[in-house]
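Its first residue numbered 61, the sequence shown is counted upward by one per residue in this note's numbering.
Ideal Cβ positions, reconstructed from N, Cα and C, are used throughout, including at glycine.
None of these values were measured; they are calculated from a predicted model.
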Amino acid sequence: MQHQALIERIPQLLEPDGVASFILPKAEGEDFIVLAKQAGLFVGRYCQVQPTTEKPVHRLLFELHLSPCLPVETRLVIREQQGYSEAFCQLTRDFYLKMS
61 MQHQALIERI
71 PQLLEPDGVA
81 SFILPKAEGE
91 DFIVLAKQAG
101 LFVGRYCQVQ
111 PTTEKPVHRL
121 LFELHLSPCL
131 PVETRLVIRE
141 QQGYSEAFCQ
151 LTRDFYLKMS
């Protein structure tokens, strides 16, 4: 489904207090958010994901709402020098048996 078509369907698919969540590559995510705002949707949580602190953001995790909300912006670094970051481990621990 094309992004514009999906954005147009969000108001019909969500309950009034519902949330649509997305994970997209950075450039596509930025474009998607612009289209969503133009369609009257609101960004709630917004997380920029970096593979390491030395590399640029490569993914965006974000939520869209039907009504105005207070946006919460965060950044997630996946790997540190010693391995996975504590934040990444916390986020994914329920999905991996041996997350260190």
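- A distance below 8 Å between beta-carbons, with the five flanking residues on each side excluded, links Gln110 to the following residues of its chain, in chain order: Pro116, Val117, His118, Arg135, Leu136, Val137 and Ile138.
- Setting aside the 5 residues that flank it on each side, Leu130 has no residue in the same chain whose C-beta is closer than 6 Å to its C-beta.
- Bridge pairing for Ser81: Glu123 [DSSP].
- Membership of Leu136 in any alpha helix (DSSP H) is not indicated; the residue belongs instead to the beta strand (DSSP E) covering Val132 to Val137.
- Comparing C-alpha distances from Leu84 to each of Leu66, Gly104 and Phe122 shows the shortest one belongs to Phe122.
- DSSP, reduced to helix, strand and coil, places Gly100 outside both helices and strands of the structure shown, so it counts as coil.
- The three-state secondary structure of Cys129, taken from DSSP, is coil.
- A buried status is given to Gly89, since no fewer than 16 other beta-carbon atoms sit within 10 Å of its beta-carbon.
- About 14 Å separates the CB atoms of Leu66 and Leu126; that is not less than 8 Å, and the two are not in contact.
- Counted as a single uninterrupted DSSP element, the alpha helix (DSSP H) harbouring Leu66 occupies residues His63 to Leu73.
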